[in-house]
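*Asks:*
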Amino acid sequence: MTAPSPSASARPSAVDARLLIATGCAYCPAVLQALAELTKEGLIGRLEVINITSHPEIAQEQGIRSVPWM
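Position in the sequence shown (from 1) plus 10 gives the number in this note's numbering.
This is how it looks when you write it as structure tokens:
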């Protein structure tokens, strides 16, 4: 039996994430908190949070009609 190579046990590189939220969204704070924790742990490289209440054009451009959305 051979030992796994170092690359096999290494953690994959962190990915960037974009989260769309809205004022008054009941689920958005919990999702944001969970993703912020993953960012602190290094599992997410960069977290971009966009409030579609302030920037509705972004949701419209992407066809997003409900939040939270990643």
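Even glycine gets a Cβ: it sits at the ideal position worked out from N, Cα and C. Small disclaimer: the values here were computed from a predicted structure and weren't measured.
1) Give the straight-line distance between the Cα atoms of residue 40 and residue 73, rounded to the nearest whole angstrom.
2) Output needed for residue 46: all residues of its chain with C-beta closer than 7 Å, excluding positions within five of it in sequence on either side, in chain order.
3) List the endpoints of the continuous alpha helix (DSSP H) containing residue 69.
4) From which residue to which residue does the beta strand (DSSP E) around residue 27 run?
5) Within a Cβ cutoff of 6 Å, which residues of the same chain sit near residue 52, ignoring the five residues on either side of it in sequence?
6) Output the boundary residues of the alpha helix (DSSP H) element that contains residue 47.
*Replies:* On the basis of the supplied data:
1) The sequence position of residue 40 within the sequence shown is 30, counting from 1. The sequence position of residue 73 within the sequence shown is 63, counting from 1. Cα to Cα, residue 40 sits roughly 23 Å from residue 73.
2) Taking the first residue of the sequence shown as 1, we reach residue 46 at position 36. Result list for residue 46: 57, in chain order.
3) Counting from 1 along the sequence shown, the entry for residue 69 is found at position 59. Element bounds for residue 69: 66-72.
4) Taking the sequence shown and counting its residues from 1, the one referred to as residue 27 is at position 17. Element bounds for residue 27: 25-31.
5) Position 42 of the sequence shown, counted from the start, is the residue given in the question as residue 52. Within the same chain, residue 52 has close Cβ partners 24.
6) Position 37 of the sequence shown, counted from the start, is the residue given in the question as residue 47. If you look at residue 47, you'll find it in the alpha helix (DSSP H) that goes 38-50.
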